[in-house]
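Participant:
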Amino acid sequence: MEHKDAHLLYILKRHPGRTIVFSSGGNVITCAMEHKDAYLLYILKRHPGRTIVFCNSIGSVRR
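Read in order, the letters of the sequence shown are residues 91 to 153 in my numbering.
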(Lines of atoms letter the chains of each structure in order from A; the text may use other names.)
(Lines give C-alpha, C1' and ligand atoms only; values in the text may rest on other atoms or scores of the structure.)
Protein backbone atom coordinates (compact mmCIF):
# COMPACT_ATOMS: atom_id res chain seq x y z
CA MET A 91 0.00 0.00 0.00
CA GLU A 92 1.45 3.34 -0.94
CA HIS A 93 0.13 6.39 0.85
CA LYS A 94 1.54 9.89 1.12
CA ASP A 95 1.25 9.81 4.93
CA ALA A 96 2.45 6.22 5.12
CA HIS A 97 4.42 4.95 8.08
CA LEU A 98 6.47 1.79 8.27
CA LEU A 99 5.74 -1.07 10.63
CA TYR A 100 8.76 -3.35 10.99
CA ILE A 101 8.08 -6.86 12.24
CA LEU A 102 10.74 -9.48 12.87
CA LYS A 103 9.98 -13.05 13.84
CA ARG A 104 12.45 -14.60 16.30
CA HIS A 105 13.37 -18.19 15.67
CA PRO A 106 14.99 -20.12 18.57
CA GLY A 107 18.71 -20.62 18.06
CA ARG A 108 18.95 -18.22 15.12
CA THR A 109 19.70 -14.57 14.71
CA ILE A 110 17.52 -12.87 12.13
CA VAL A 111 18.89 -10.04 10.07
CA PHE A 112 16.16 -7.62 9.08
CA SER A 113 16.90 -7.69 5.37
CA SER A 114 16.61 -11.47 5.17
CA GLY A 115 13.92 -12.36 7.68
CA GLY A 116 11.71 -9.42 8.40
CA ASN A 117 8.64 -7.87 6.92
CA VAL A 118 7.88 -4.23 6.29
CA ILE A 119 4.29 -3.11 6.07
CA THR A 120 3.67 0.34 4.62
CA CYS A 121 0.31 1.63 5.76
CA ALA A 122 -1.61 4.73 6.75
CA MET A 123 -1.12 5.78 10.38
CA GLU A 124 -4.72 4.92 11.32
CA HIS A 125 -4.28 1.31 10.13
CA LYS A 126 -1.03 0.58 11.97
CA ASP A 127 -2.65 -0.85 15.10
CA ALA A 128 -4.95 -3.11 13.09
CA TYR A 129 -2.04 -4.53 11.07
CA LEU A 130 0.00 -5.12 14.21
CA LEU A 131 -2.87 -6.90 15.96
CA TYR A 132 -3.48 -9.08 12.89
CA ILE A 133 0.20 -10.09 12.62
CA LEU A 134 0.50 -10.89 16.34
CA LYS A 135 -2.70 -12.98 16.34
CA ARG A 136 -1.81 -14.78 13.08
CA HIS A 137 1.79 -15.57 14.11
CA PRO A 138 1.90 -16.18 17.88
CA GLY A 139 5.25 -16.43 19.61
CA ARG A 140 8.16 -14.11 20.10
CA THR A 141 8.03 -11.17 17.74
CA ILE A 142 10.04 -7.94 17.65
CA VAL A 143 8.19 -4.83 16.54
CA PHE A 144 10.02 -1.56 15.84
CA CYS A 145 7.99 1.62 16.36
CA ASN A 146 8.97 5.04 15.10
CA SER A 147 7.23 7.05 17.83
CA ILE A 148 6.65 6.93 21.58
CA GLY A 149 2.90 7.25 20.97
CA SER A 150 2.93 3.97 19.04
CA VAL A 151 4.69 2.20 21.89
CA ARG A 152 2.21 3.45 24.48
CA ARG A 153 -0.80 2.19 22.52
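Ideal placement from N, C-alpha and C gives every residue a C-beta, glycine not left out. Remember, predicted model here, so these are calculated numbers, not experimental data.
Identify the continuous alpha helix (DSSP H) that holds ARG136 and give its terminal residues.
Facilitator: 126-136 is the span of the alpha helix (DSSP H), which, as asked, contains ARG136.
Participant: Assign LYS135 to buried or exposed, taking buried as 16 or more other Cβ atoms, counted over all protein chains shown, within 10 Å of its Cβ.
Facilitator: So LYS135 ends up on the exposed side.
Participant: Could you check the C-alpha separation between ARG140 and ILE119 for me, to the nearest Å?
Facilitator: Each residue's alpha carbon lies about 18 Å from the other.
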